[in-house]
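Residue numbering for the sequence shown follows the working numbering, starting at 63 and increasing by one per position.
We put the CB at the ideal spot given by N, CA and C, even for glycine.
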Amino acid sequence: ASVSSKEQNKREALRERKQKESQWRAGDAMTRGREEIEAQIKADKIKMALEKLKEAKVKKLVVKVLIKDGSSKTLMVDERQNVRDVLDNLFEKTHCDCNVDWSLYETNPDLNLERGFEDHENLVEPLSGWTRDSENKLHFDEREDKYEVFKNPQNYYLWKKDKQTLKDMRDKDKELLIEENFCGTSIKVPDLEGALYLREDGKKSWKQKLFLLRASGIYYAPKGKSKTSRDLVCFVQFDNVNVYYAKDLKSKYKAPTDYCFVLKHPQIQKDSQYIKYLCCDDPWTLNLWVTGIRIAKYGAAFYNNYKTAVKKTSSGSAWANRITSSTGSSPSPAPSPSLSGSPHPSPSKLLSFLHPVYFTNLLPPPHLSFHLHLKSPSLFCLTLSLLFQAKHASQANGHATKPQPGPVSQVRTDRANNSVLLLFKGQYCSRWSNHRSFVSWLHLDVLHQFIECH
Numbered sequence: 063a064s065v066s067s068k069e070q071n072k073r074e075a076l077r078e079r080k081q082k083e084s085q086w087r088a089g090d091a092m093t094r095g096r097e098e099i100e101a102q103i104k105a106d107k108i109k110m111a112l113e114k115l116k117e118a119k120v121k122k123l124v125v126k127v128l129i130k131d132g133s134s135k136t137l138m139v140d141e142r143q144n145v146r147d148v149l150d151n152l153f154e155k156t157h158c159d160c161n162v163d164w165s166l167y168e169t170n171p172d173l174n175l176e177r178g179f180e181d182h183e184n185l186v187e188p189l190s191g192w193t194r195d196s197e198n199k200l201h202f203d204e205r206e207d208k209y210e211v212f213k214n215p216q217n218y219y220l221w222k223k224d225k226q227t228l229k230d231m232r233d234k235d236k237e238l239l240i241e242e243n244f245c246g247t248s249i250k251v252p253d254l255e256g257a258l259y260l261r262e263d264g265k266k267s268w269k270q271k272l273f274l275l276r277a278s279g280i281y282y283a284p285k286g287k288s289k290t291s292r293d294l295v296c297f298v299q300f301d302n303v304n305v306y307y308a309k310d311l312k313s314k315y316k317a318p319t320d321y322c323f324v325l326k327h328p329q330i331q332k333d334s335q336y337i338k339y340l341c342c343d344d345p346w347t348l349n350l351w352v353t354g355i356r357i358a359k360y361g362a363a364f365y366n367n368y369k370t371a372v373k374k375t376s377s378g379s380a381w382a383n384r385i386t387s388s389t390g391s392s393p394s395p396a397p398s399p400s401l402s403g404s405p406h407p408s409p410s411k412l413l414s415f416l417h418p419v420y421f422t423n424l425l426p427p428p429h430l431s432f433h434l435h436l437k438s439p440s441l442f443c444l445t446l447s448l449l450f451q452a453k454h455a456s457q458a459n460g461h462a463t464k465p466q467p468g469p470v471s472q473v474r475t476d477r478a479n480n481s482v483l484l485l486f487k488g489q490y491c492s493r494w495s496n497h498r499s500f501v502s503w504l505h506l507d508v509l510h511q512f513i514e515c516h
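And the structure:
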């Protein structure tokens, strides 16, 4: 009996020891898990603190951008954004057509200068160089010269040919010219040379010299010397200067013509001996030199900016293309009279007038709304007249059936911005998760219903 009791005690002791060991292991695992969680929380806090510290060190500016219609937009920009990012922001705010000619440019009234910012540039850096009492302005406008070299490269690389030959060049030859000069291992700079007027330091007198454009800078041939490399003198290198269009130098500094450009460091905001003033005979020559300098200074980045702008333009016009393509796949409503003299315009006719519109979702569901922003006041007025004619005609005939309520609950017009705001009823909002699904839905039947209801 004593032996069995001892064995039982041993078994109980062994069981208790195993139980304590399992509890110890569980407690150790819980401790380790708790420690891991605490360590992860601590690491996350450190990461968040570092991100906030990094964010606090980012330089930010509040800028006012002037629009060509006289209005303005106020933006917050930081040093992580380039000009392309700011342009995209302005496209959303102004509902413009996003073509490649839209540009941000600065004006300096003290020096009578202006310069378009390149899309890859950091905007905060040059704006930080403005003095506190500066009258400089930032503008958002279309500038045809921004990427003209990629639309008509022959004007810059074959500039010695007669103008009629340049004008008649085929598109295929233009593409080959771009490929030859921009798609190789290095960018080729236009071989520009010619007589330009140089303003003498601190004087209102101008001296004519023979200047030549090279990839590294602008050179000139001293009087009596040849144009060979060993005789050329470096006038300016492009590393630390920007090129600017100059205004009214004829009256300010007695320039020979009004077609002048300037080379200066971006930090120079007042008149200085380090500013280089050059004057051309005509606007054609002025455009050649300014564009040639931009190619030499920015190289591949200049061409990449253009390709990015083209992609943005293509995506921006995709909505209009979706509407146009949907006309072929959508079932057509009953035939309608033509636009002229008809109170009920054909939806297909109206669609052709609504082709250059841009949609902006203003409010989230269930209060969905879309802007139809039209390019011109005439297009805006025509669209309104068609809509109100349709509404008037449906109510003019006493025997006409009352139109059934459609998805559009309200129409608001904004003549200042050439836009029509459509407010949609809540039950229709779940159909569209984004602009693409909305545009897919906007086919002929919906336009017809829209006209009948409004």
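Under the three-state reduction of DSSP, Ala257 is assigned to strand.
Going by DSSP, Gly354 is part of the alpha helix (DSSP H) stretching over 345-360.
For Asn184, the beta-bridge partners assigned by DSSP are Asn144.
The criterion of a C-beta distance shorter than 8 Å is satisfied by Pro252 and Tyr218.
A straight-line Cα-Cα distance of about 8 Å links Trp221 and Leu228. With fewer than 16 other Cβ atoms inside 10 Å of its own Cβ, Leu238 counts as exposed.
The segment 362-378 makes no contact with the segment 295-311: fewer than 3 CB pairs, one atom from each, lie closer than 8 Å.
Lys312 is the residue among Glu100, Lys312, Pro328, Lys122 whose C-alpha sits nearest the C-alpha of Cys322.
DSSP places Ile249 in the coil class of the three-state scheme, outside both helix and strand. The C-beta of Pro345 has fewer than 16 other C-beta atoms within 10 Å across all chains shown, which makes the residue exposed. Given a length threshold of 3 residues, each whole run of the beta strand (DSSP E) inside the segment 170-239 is given here in chain order: 175-178, 199-204. Apart from sequence neighbours up to five positions away, the residues of its chain that approach Glu262 with a beta-carbon distance below 8 Å are Trp268, Lys269, ordered along the chain. Bridge pairing for Tyr321: Cys342 [DSSP].
C-alpha of Leu275 to C-alpha of Lys114: approximately 47 Å in a straight line. For Lys312, there is no enclosing beta strand (DSSP E); the enclosing alpha helix (DSSP H) has its first and last residue at 311-314. By the Cβ neighbour-count rule, Tyr336 is exposed, with fewer than 16 other Cβ atoms within 10 Å of its own. Boundaries of the beta strand (DSSP E) harbouring Gly279: 279-283, taken from the DSSP string. Here Asp163 is near Glu206, since their CB atoms are less than 8 Å apart. When only Cα atoms are considered, Phe244 and Lys234 end up about 15 Å apart. Rounded to whole angstroms, the separation of the alpha carbons of Ile99 and Ser84 is 22 Å. When the Cα atoms are used, Ala91 and Glu97 turn out to be separated by approximately 10 Å. Straight through space, the alpha carbons of Ile249 and Tyr365 are spaced by roughly 9 Å. Relative to Thr319, the option among Gly132, Leu325, Pro328, Ala308 whose CA is nearest is Ala308. Between Glu141 and Lys121 the beta-carbon gap is near 5 Å, inside 8 Å, which marks them as a contact. A straight-line Cα-Cα distance of about 56 Å links Gly354 and Gln102.
Taking Thr290 as the centre and dropping the five residues before and after it, the same chain places no C-beta closer than 7 Å to its C-beta.
In chain order, Tyr218, Thr353 place their CB closer than 6 Å to the CB of Val211, counting only its own chain and leaving out the 5 sequence neighbours on each side. At a Cβ-Cβ threshold of 8 Å, Asn174 and Asp310 count as neighbours. The beta-carbon distance between Lys314 and Asp172, rounded to whole angstroms, is 11 Å. This is too long to meet the 8 Å contact definition. Per DSSP, the unbroken beta strand (DSSP E) holding Lys126 starts and ends at 122-129. Shown here, Phe153 sits in a helix according to DSSP, grouped into three states. Gln329 counts as exposed, since fewer than 16 other C-beta atoms from the protein chains shown sit within 10 angstroms of its C-beta. Its Cα nearest to that of Phe153, the residue Asp203 stands out among Asp203, Leu340, Glu187.
DSSP places Thr136 in the strand class (E or B) of the three-state scheme. By the criterion of a C-beta distance shorter than 7 Å, Ala358 is surrounded in its chain by Val251, Leu275, Ala277, Phe300, once the five residues flanking it on both sides are discounted. Thr156 counts as buried, since no fewer than 16 other beta carbons sit within 10 angstroms of its beta carbon.
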